[in-house]
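*Asks:* Just passing along the structure, written as structure tokens.
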Ligand code: CO
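Residue numbers (the working numbering): 151 to 386.
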């Protein structure tokens, strides 16, 4: 497809949309109130709105190579701050994907120096989980596990950002999720490492409101580092 075709497609989409829903653009322009922030890979095959079947206006999006949450990345931090403080999103998804070229390149060495530098963040994940990864004999399985562990670690990184810590400290409803997208099937998988600012175990306990000793009122303290590590272990 040539780039000119993109503009043609845009015109056709505008015409078709106006015909079926004359107020569509006016309605969208009126307000910006997405409930979700999607942090995904820049890979063209993982478009946030398409794979989540959300419409325009429903998903705030940040994408970079290999869906990383780097604590010094001002771009991501600004998106996160705006999403939490201004838009008031309730859920943040870190979405990795099997077949990720970034994760694959991190396991070797990339030929592009800036990409290689960026991918060092994944090599840190690799080092943190070396024992588990080294025990996986099949290279493809080892790679898929690194894709998952990378997501888990990025969820953890997200939980340690000043934006998220401040939101949780004041009791804001904010959940951080780790997902992986299966390119070959189109399916999203929840890694079940959701953090919501409550101590590990309390977040996902179905009996949280039951009157017993385990379920005393939960304070909205940020998860400890130990809780974060436990979260990584739970993801197995
Ligand atoms: Co990717």
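C-beta: ideal position from N, C-alpha, C; glycine also.
Predicted model, so just to flag it, every value in this text is computed and none were measured.
To the nearest angstrom, how far is the alpha carbon of residue 205 from that of residue 199?
*Replies:* In the chain shown, the residue the question calls residue 205 occupies position 55. In the chain shown, the residue the question calls residue 199 occupies position 49. Distance between the alpha carbons of residue 205 and residue 199: 6 Å.
*Asks:* What is the DSSP secondary structure of residue 361, reduced to helix, strand or coil?
*Replies:* The residue labelled residue 361 in the question sits at position 211 within the chain shown. The pLDDT assigned to residue 361 is 38, lower than 50, so where the model puts this residue is not dependable, and the model offers no usable value.
*Asks:* With distance defined between alpha-carbon atoms, name the residue in 233, 299, 173, 321 nearest to residue 246.
*Replies:* To locate residue 246, count along the chain shown from 1; it is residue 96. Comparing Cα-Cα distances from residue 246 to each of 233, 299, 173, 321, the minimum goes to 299.
*Asks:* Reducing DSSP to helix, strand and coil, say where residue 103 ends up.
*Replies:* Nothing in the structure corresponds to residue 103, since the chain is present only between 151 and 386.
*Asks:* Quick one: does the C-beta of residue 346 sit closer than 7 Å to a heavy atom of the ligand CO?
*Replies:* Residue 346 sits at position 196 when you count from the first residue of the chain shown. Flag unset: Cβ of residue 346 not near the ligand CO.
*Asks:* Runs of 3 residues minimum, wholly inside the region 239 to 290: which ones carry the beta strand (DSSP E) assignment?
*Replies:* Listed in chain order, they are 241 to 248.
*Asks:* With 16 other CB atoms within 10 Å as the buried threshold, where does residue 156 fall?
*Replies:* To locate residue 156, count along the chain shown from 1; it is residue 6. Exposed is the call here.
*Asks:* With respect to the alpha helix (DSSP H) encompassing residue 211, which residues constitute its N-terminal and C-terminal limits?
*Replies:* Taking the chain shown and counting its residues from 1, the one referred to as residue 211 is at position 61. Run containing residue 211: none in the alpha helix (DSSP H); it sits in the beta strand (DSSP E), 209 to 214.
*Asks:* Under the assumption that residue 324 contacts residue 219 (Cβ atoms under 8 Å), give the Cβ distance between them as a whole number of angstroms.
*Replies:* Counting from one through the chain shown, the residue named residue 324 turns up at place 174. Counting from one through the chain shown, the residue named residue 219 turns up at place 69. That belief does not hold up - the Cβ atoms of residue 324 and residue 219 are roughly 15 Å apart, past 8 Å.
*Asks:* Can residue 276 and residue 258 be called in contact, C-beta distance under 8 Å?
*Replies:* For this step, residue 276 is matched to residue 126 along the chain shown. For this step, residue 258 is matched to residue 108 along the chain shown. Contact flag unset, no.
*Asks:* Given 7 Å as the limit, tell me if residue 266 has its C-beta closer than that to any heavy atom belonging to the ligand CO.
*Replies:* Walking along the chain shown from the start, residue 266 turns up at place 116. No, the beta carbon of residue 266 sits no closer than 7 Å to any heavy atom of the ligand CO.
*Asks:* Exposed or buried, residue 212, counting other C-beta atoms within 10 Å across all chains shown (16 or more means buried)?
*Replies:* Position 62 of the chain shown, counted from the first residue, corresponds to residue 212. Label assigned to residue 212: buried.
*Asks:* Kindly indicate the opening and closing residues of the alpha helix (DSSP H) around residue 153.
*Replies:* Your numbering for residue 153 matches position 3 in the chain shown. Here the alpha helix (DSSP H) through residue 153 covers 153 to 170.
*Asks:* Just verifying my parser: in three-state terms, what is the DSSP assignment at residue 183?
*Replies:* Locating residue 183 in the chain shown gives position 33, where the first residue counts as 1. The answer is coil: DSSP assigns residue 183 none of H, G, I, E or B.
*Asks:* Check whether the region 184 to 200 touches the region 232 to 240, taking contact to mean three or more Cβ pairs, one atom from each stretch, closer than 8 Å.
*Replies:* Yes, the region 184 to 200 is in contact with the region 232 to 240.
*Asks:* Quick check: is any heavy atom of the ligand CO less than 7 Å from the C-beta of residue 247?
*Replies:* For the purposes of this step, residue 247 is taken as the residue at position 97 of the chain shown. Correct: residue 247 has its Cβ closer than 7 Å to the ligand CO.
*Asks:* For residue 336, collect the residues of the same chain with a Cβ closer than 8 Å to its Cβ; drop the 5 residues on either side in sequence, then sort them by chain order.
*Replies:* Within the chain shown, the letter at position 186 stands for residue 336. Answer for residue 336: 201, listed in chain order.
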